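Contents: one structure, followed by commentary.
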Amino acid sequence: MSDSIFEITDYCLNKKNISFILKENIFKNYQEISNKYMDYNNATNKTINNAGNKTINNAGNKTINNAGNKTKNDFFIKEQDKLFWMLYIFENGYDNYIMLGKNTYVFEMKEKTKLIKKIKENKKDLKHFKIKISDIESDLLYSKKINITTLFILLTLKNINFLYYTENLIYQWKKNGNEKMFILKHDILDNIYFNEDKALTDEYFESLKQSRLLVDSLKKPVRGLSYYKVGDLKEMCKILKINIMKNAKKTFSKKELYEKIIQKIS
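Position 154, counted from 1, in the sequence shown is what the UniProt record's numbering calls 154; the numbers after and before it change by one each time, with no gaps.
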């Protein structure tokens, strides 16, 4: 074949030739077609630019957008242990998860065994979290689904910062030098988890904190009643949008305010 690709471009439906056809009025409604083309491109670009959140839920419809990875739409985690696999995908990408095929259970147990070994090796560093290491090990080895506390410990071992929030609570753990942030939204009502991808994590945290109670423990978000003053409880009620007035002249008692807070965050 003697003709090169450059010699036959006059006959190709490339961008230049399509533009020429339209402008030569071969199609009389050039402006209409052009406008539709522009509208379509704008809509497509807008959709792509807005696809910044990673959504993972137990129902199965999810979207992942990791820096450096391709965007994956409408995927689901078929395994029971959603949190474990969310962390795996966060670290390794969805493509690697898919490549595991059907033998994910064997892989999962091998990985969990490695993690238990790593936990044993770092017991001293984990002591200040005031969490029973044996509980974490048991959760990894015997539970069908690891809990939030276990996920948190795994993140600390992997030097990944953690931002967890519900409709009413927010918790953040950060360590100097850590570059990654794992953001987890928990829909307590339906027990669904959403893993989010946000570039400006500090700004996002401040925004979430405006309408949520900031806690310093995942295992016990609220301390005992005696720890708080009435003013503290009233301030917590304000954040959680809890009415503190029993009637027009009297506020609820300290115990009543405390119980309302517990009920709200449960």
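Positions of the beta carbon are idealized from the N, C-alpha and C atoms, including for glycine.
Because the structure is a prediction, the values reported are computed rather than measured.
Inset, instruction - Would you mind sorting Met236 into buried or exposed? The rule is 16 or more other CB atoms within 10 Å of its CB. - result: Taking the first residue of the sequence shown as 1, we reach residue 236 at position 236. Flag for Met236 reads buried.
Legend entry - Segment limits, beta strand (DSSP E) that includes Leu169: Here residue 169 refers to the residue found at position 169 when the sequence shown is read from its first residue. Counting along the chain, the beta strand (DSSP E) containing Leu169 begins and ends at Leu169 to Trp173.
Legend entry - Same chain, Cβ closer than 6 Å to Ile148, neighbours up to 5 away in sequence not counted: Your numbering for residue 148 matches position 148 in the sequence shown. Closer than 6 Å at Cβ, skipping near neighbours: Leu218.
Inset, instruction - Just the C-alpha distance for Lys254 and Leu240, rounded to the nearest angstrom, thanks. - result: By one-based count along the sequence shown, residue 254 stands at place 254. By one-based count along the sequence shown, residue 240 stands at place 240. Taking the straight line joining both Cα atoms gives about 16 Å.
Inset, instruction - Could you check what DSSP says for Asp125 in three-state terms: helix, strand or coil? - result: Along the sequence shown, one-based indexing puts residue 125 at 125. DSSP places Asp125 in helix when its eight states are reduced to three.
Legend entry - Secondary structure of Asp202, DSSP reduced to three states: Position 202 of the sequence shown holds residue 202. The answer is helix: DSSP assigns Asp202 an H, G or I state.
Legend entry - Beta-carbon proximity of Leu169 to Leu141, cut-off 8 Å: As a first step, residue 169 must be located in the sequence shown, where it is residue number 169. As a first step, residue 141 must be located in the sequence shown, where it is residue number 141. Remark: C-beta atoms of Leu169 and Leu141 do not approach each other more closely than 8 Å.
Legend entry - Pick from Leu115, Leu126 and Leu155 that is closest to Glu137, judged by C-alpha positions: Stepping through the sequence shown from its first residue, residue 137 is reached at position 137. For Glu137, the nearest C-alpha among the options comes from Leu115.
Inset, instruction - Report the residue ranges of all beta strand (DSSP E) runs contained in full by the segment 180-265; include only those spanning at least 3 residues, in chain order. - result: Within the segment 180-265, the complete beta strand (DSSP E) runs of at least 3 residues fall at 180-187 and 192-196.
Inset, instruction - Please report the Cβ distance between Ile261 and Leu233, rounded to the nearest whole angstrom; I am assuming they are in contact, meaning their Cβ atoms lie under 8 Å. - result: Locating residue 261 in the sequence shown gives position 261, counting from the first residue. Locating residue 233 in the sequence shown gives position 233, counting from the first residue. With 8 Å as the limit, Ile261 and Leu233 qualify as a contact, their Cβ atoms being about 7 Å apart.
Inset, instruction - Look at the alpha carbon of Lys127 and the alpha carbon of Lys120, and state the distance between them as a whole number of angstroms. - result: Position 127 of the sequence shown, counting from 1, holds the residue named residue 127. Position 120 of the sequence shown, counting from 1, holds the residue named residue 120. Those two C-alpha atoms are separated by around 11 Å.
Legend entry - Neighbour-count burial assignment, Asn159, 16 or more Cβ in a 10 Å radius: What you label residue 159 is simply residue 159 of the sequence shown in a count that begins at 1. So Asn159 counts as exposed.
Inset, instruction - Keeping to the same chain, check which residues put their C-beta closer than 6 Å to that of Thr104; ignore five residues upstream and five downstream. - result: The residue you call residue 104 lines up with position 104 of the sequence shown. Excluding sequence neighbours, Thr104 sits near Glu79.
Inset, instruction - Check whether the Cβ of Ser217 lies closer than 7 Å to any heavy atom of the ligand GDP, and answer yes or no. - result: What this structure holds is no ligand at all, so the ligand GDP is not there to describe.
Legend entry - Local Cβ density within 10 Å of residue 273, reported as buried at 16 or more and exposed below that: As shown, the chain starts at 1 and ends at 266. That puts residue 273 outside it, with no answer to give.
Inset, instruction - Count the other CB atoms, across all protein chains shown, that sit within 10 Å of the CB of Ile98; report buried if there are 16 or more and exposed otherwise. - result: Position 98 of the sequence shown holds residue 98. Under this definition Ile98 is an exposed residue.
Inset, instruction - Assign Glu196 to one of two classes, buried (16 or more other C-beta atoms within 10 Å of its C-beta) or exposed (fewer than that). - result: For the purposes of this step, residue 196 is identified with residue 196 of the sequence shown, where counting begins at 1. Counting other Cβ atoms within 10 Å of its Cβ, Glu196 reaches 16 or more and is therefore classed as buried.
Inset, instruction - Label Thr150 either buried or exposed according to how many other C-beta atoms from any shown protein chain fall within 10 Å of its C-beta, with 16 as the threshold for buried. - result: Taking the sequence shown and counting its residues from 1, the one referred to as residue 150 is at position 150. Label assigned to Thr150: buried.
Legend entry - Nearest-angstrom Cβ-Cβ length linking Asn178 and Asn161, presumed shorter than 8 Å: The sequence position of residue 178 within the sequence shown is 178, counting from 1. The sequence position of residue 161 within the sequence shown is 161, counting from 1. Confirmed, about 5 Å.
Inset, instruction - Tell me, to the nearest whole angstrom, how far the beta carbon of Phe152 is from that of Phe90; I am working on the premise that it is less than 8 Å. - result: On the sequence shown, position 152 is the one that residue 152 refers to. On the sequence shown, position 90 is the one that residue 90 refers to. Phe152 to Phe90, Cβ: 14 Å. No contact.
Inset, instruction - Name the one or two DSSP bridge partners that Ile160 has. - result: Residue numbering aside, residue 160 sits at position 160 when the sequence shown is read from its first letter. According to the DSSP secondary-structure assignment, Ile160 is paired through a beta bridge with Lys180.
Legend entry - 8 Å CB neighbourhood of Asn122 in its chain, flanking five on each side removed: Taking the first residue of the sequence shown as position 1, residue 122 is located at position 122. Excluding positions up to five away in sequence, the list reads Leu157.
Inset, instruction - On a CA-only basis, which of Glu167, Gly101, Leu200 and Asp125 is nearest Ile265? Give me that one, please. - result: Counting from 1 along the sequence shown, the entry for residue 265 is found at position 265. Residue Glu167 is the option with its Cα nearest to Ile265.
Inset, instruction - State the Cα-Cα distance for the pair Lys110 and Ser143, rounded to the nearest angstrom. - result: Looking up residue 110 in the sequence shown gives position 110. Looking up residue 143 in the sequence shown gives position 143. Taken atom to atom, the span from the alpha-carbon of Lys110 to that of Ser143 is near 15 Å.
Legend entry - Cutoff 6 Å; reference Tyr164; Cβ partners in own chain excluding five residues on either side: Within the sequence shown, the letter at position 164 stands for residue 164. When the five nearest sequence neighbours on each side are left out, the beta carbons in the same chain lying within less than 6 Å of the beta carbon of Tyr164 are those of Tyr171 and Leu184, in order along the chain.
Legend entry - Chain-order list of residues whose beta-carbon lies under 6 Å from that of residue 269 (same chain, five-residue window excluded): Because the chain is modelled from 1 through 266, residue 269 falls outside the range shown and cannot be assessed.
Inset, instruction - Excluding the 5 residues preceding and the 5 following Lys246 in the sequence, name in chain order all residues of the same chain whose CB lies nearer than 7 Å to its CB. - result: Position 246 of the sequence shown, counting from 1, holds the residue named residue 246. Here the set comprises Phe252.
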